[in-house]
Structure formats: C-alpha cells, structure tokens
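Beneath this line is the structure, given in structure tokens, with notes to follow.
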C-alpha cells in the first residue's frame with residue numbers, strides 16, 4: 009500500500025472541497041481548505057519525500073497555469089486530470105505529467121463513451137492513461153457517477169466491468185463519492201471489493217482521516233490498493249499529520 013499525494017486546484021488555488029458540492033454555481037461549493045501556497049510548493053514537497061504516482065486534479069476552468077507549475081516542479085512524478093481530452097492530453101504529458109487521468113471525456117451524460125476511450129488510448133497509449141471511476145452506491149451496488157457526481161451512469165462498478173476497463177488503462181483512480189471530503193472513514197465494502205476485482209494498480213480516494221483508518225484499509229485490501237488523503241491532512245488544514253502518513257505508508261514497511 010502506497011500513499012498517493014494529491015493537489016486539487018479550483019479557481020487557480022490549491023483547495024480541498026466536498027466533491028459533491030462542485031457545481032456550476034460556485035457559491036454552493038463547500039471548501040474545507042484554501043491554501044496560501046501554490047501548487048508547485050506541494051509538488052516540490054512530494055518530490056522531496058520521494059512520493060510517486062500522486063495526482064493533480066483541475067476542478068473546472070482556469071487552472072492550467074497552476075497545474076503546469078506543479079508538473080514542472082516535479083517532472084514525471086505526478087498524474088493530471090480534470091478536463092483531459094484526446095485533444096489536450098499529449099500537451100500535459102509534454103509538460104511533465106507521468107499519466108493523464110480521464111473522467112468526463114469518457115463518462116458523460118450517464119454513459120460510457122467507448123469511442124472517446126479508444127480515441128484517447130490511441131493518442132497517448134494505454135500505459136499513460138488512468139481512468140477515474142467515481143463510485144456512488146445505489147441499491148447495494150456501485151455505479152460510476154457523472155456530471156460533477158450528480159448523475160448516475162448505467163455502468164455498474166463490478167468485477168466484469170473493472171476487468172474490461174483494465175484493458176484500456178494503466179491504473180484506476182477511484183473516488184468513493186459518498187464519503188469523499190467528509191472525513192468520515194473509508195467506504196469499507198467498496199475498498200474490499202476493489203481490491204478483489206482489480207488486477208492493475210488502483211488508488212482509492214475518500215474519507216480516510218487517521219492512521220487507524222489506514223490500518224483498517226490495509227487490512228481490508230491486503231495492501232493491494234493504494235490510498236490518497238486530502239482534507240484530513242495537516243498540510244490541507246486537517247488534524248492528521250502528513251509526515252505520519254508518509255512514514256506509515258513507507259514501502260519498506262511490511263504488511
């Protein structure tokens with residue numbers, strides 16, 4: 009289990025927000041934290057600590073400059089997502105991203121657009137693509153949600169569909185929408201199932217708030233899934249020491 013750091017950028021600033029509130033009406037966005045530091049500061053911190061496979065997420069328009077500053081501060085060390093398409097993906101790779109993360113370009117209006125998925129794979133290659141599966145529970149099952157997490161797609165997140173999507177990408181980034189940004193603990197059933205289903209690297213995001221949560225996550229997943237933590241960390245205004253998380257998830261630790 010690795011700790012995958014994150015940099016979320018909204019309106020050009022590094023923030024931690026409750027993802028479900030990210031809507032067209034900016035006044036309704038619930039912000040847990042707004043940093044006085046630039047995105048490049050966090051990228052340099054992660055580089056110094058040797059953390060790889062972290063991600064930058066651009067939340068809406070107007071975030072490219074801040075995102076590129078982070079990519080240039082840590083070339084090859086960070087993935088990037090948010091508004092990525094087949095037309096602009098290669099540009100972000102040239103700026104230093106290790107991978108591009110795709111969400112709305114392939115999951116839109118409640119459907120998986122396989123033509124767009126094939127198009128971006130053709131453009132950047134399977135080995136540079138991460139698929140973001142934002143999962144929300146309904147009737148005891150999980151579905152990918154789209155349109156800023158407001159619309160259920162018809163794609164159930166289950167073993168068969170996870171295995172199919174693996175043929176198109178190098179990794180998964182999986183947001184547990186029901187708990188993301190709320191610091192209420194990980195969504196245990198989802199984490200357990202994802203560890204069972206996925207055979208490629210996958211990073212879970214949502215709800216982790218303590219070392220005890222990390223220990224429980226490690227137990228549930230057998231160390232097969234990586235984890236990212238945002239608003240709970242002290243570097244983003246939370247109570248959980250970033251340094252403690254880095255040390256706990258050090259790859260030299262044994263399961």
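Numbering (the working numbering), first residue to last: 9 to 263.
Think of the CB as a built atom: it goes at the ideal place given N, C-alpha and C, for glycine as much as any other residue.
{"Item": "Uninterrupted beta strand (DSSP E) stretches inside the segment 69–119 (no shorter than 3 residues)", "Value": "86–89, 108–110"}
{"Item": "Unbroken stretches of the beta strand (DSSP E), 3 residues or longer, contained in the segment 197–262", "Value": "210–213, 234–236"}
{"Item": "For residue 142, the residue or residues it bridges with in DSSP", "Value": "183"}
{"Item": "Classification of residue 166 by the beta-carbon crowding that lies within 10 angstroms, buried from 16 upward", "Value": "exposed"}
{"Item": "Range covered by the alpha helix (DSSP H) that runs through residue 172", "Value": "167–174"}
{"Item": "Rounded separation between residue 63 and residue 137 - CA only", "Value": "12 Å"}
{"Item": "7 Å Cβ shell around residue 141 - same chain, five flanking residues per side excluded", "Value": "152, 165, 180, 182"}
{"Item": "Reference residue 50, options 72, 40, 68, 17, closest by Cα", "Value": "17"}
{"Item": "Beta-carbon proximity check, residue 213 vs residue 184, cutoff 8 Å", "Value": "yes"}
{"Item": "Distance between residue 11 and residue 33 (C-alpha atoms, nearest Å)", "Value": "Reliability of the predicted coordinates at residue 33 is poor, the pLDDT of 49 falling under 50, and the value obtained from them is presented with this limitation in mind. Straight-line Cα distance between these residues: approximately 33 Å."}
{"Item": "With 16 other Cβ atoms within 10 Å as the buried cut-off, status of residue 149", "Value": "exposed"}
{"Item": "Opening and closing residue of the beta strand (DSSP E) in which residue 135 lies", "Value": "Per DSSP, residue 135 belongs to no beta strand (DSSP E) and is neither H nor E."}
{"Item": "Inter-stretch contact (C-beta, 8 Å, three-pair minimum) for the segment 169–177 and the segment 222–242", "Value": "no"}
{"Item": "Residue 45 burial status per 10 Å Cβ neighbour count (16 or more: buried)", "Value": "exposed"}
{"Item": "Three-state secondary structure (DSSP) of residue 4", "Value": "The question about residue 4 has no answer, for the chain in this structure spans 9 to 263."}
{"Item": "Collapsed DSSP secondary structure at residue 188 in the structure displayed", "Value": "coil"}
{"Item": "Backbone secondary structure at residue 162 - three-state DSSP", "Value": "strand"}
{"Item": "Residue 22 in three-state terms, based on DSSP", "Value": "strand"}
{"Item": "Element boundaries [beta strand (DSSP E), containing residue 67]", "Value": "62–67"}
{"Item": "Opening and closing residue of the beta strand (DSSP E) in which residue 152 lies", "Value": "149–154"}
{"Item": "Alpha helix (DSSP H) segment containing residue 57, residue limits", "Value": "Careful: residue 57 lies outside any alpha helix (DSSP H) and carries neither H nor E."}
{"Item": "DSSP beta-bridge partners of residue 17", "Value": "22, 66"}
{"Item": "Span separating the alpha-carbon of residue 107 from that of residue 243", "Value": "24 Å"}
{"Item": "DSSP three-state assignment for residue 32, whether helix, strand or coil", "Value": "Residue confidence is low: residue 32 scores 49 on pLDDT, short of 50, so the model does not pin down where it sits. No coordinate-derived value is stated."}
{"Item": "Counted within 10 angstroms of its Cβ, other Cβ atoms place residue 47 as buried (16 or more) or exposed", "Value": "buried"}
{"Item": "Own chain residues within Cβ distance below 6 Å of residue 13, not counting five before or after", "Value": "54, 59, 62"}
{"Item": "Chain-order list of residues whose beta-carbon lies under 7 Å from that of residue 42 (same chain, five-residue window excluded)", "Value": "21, 23"}
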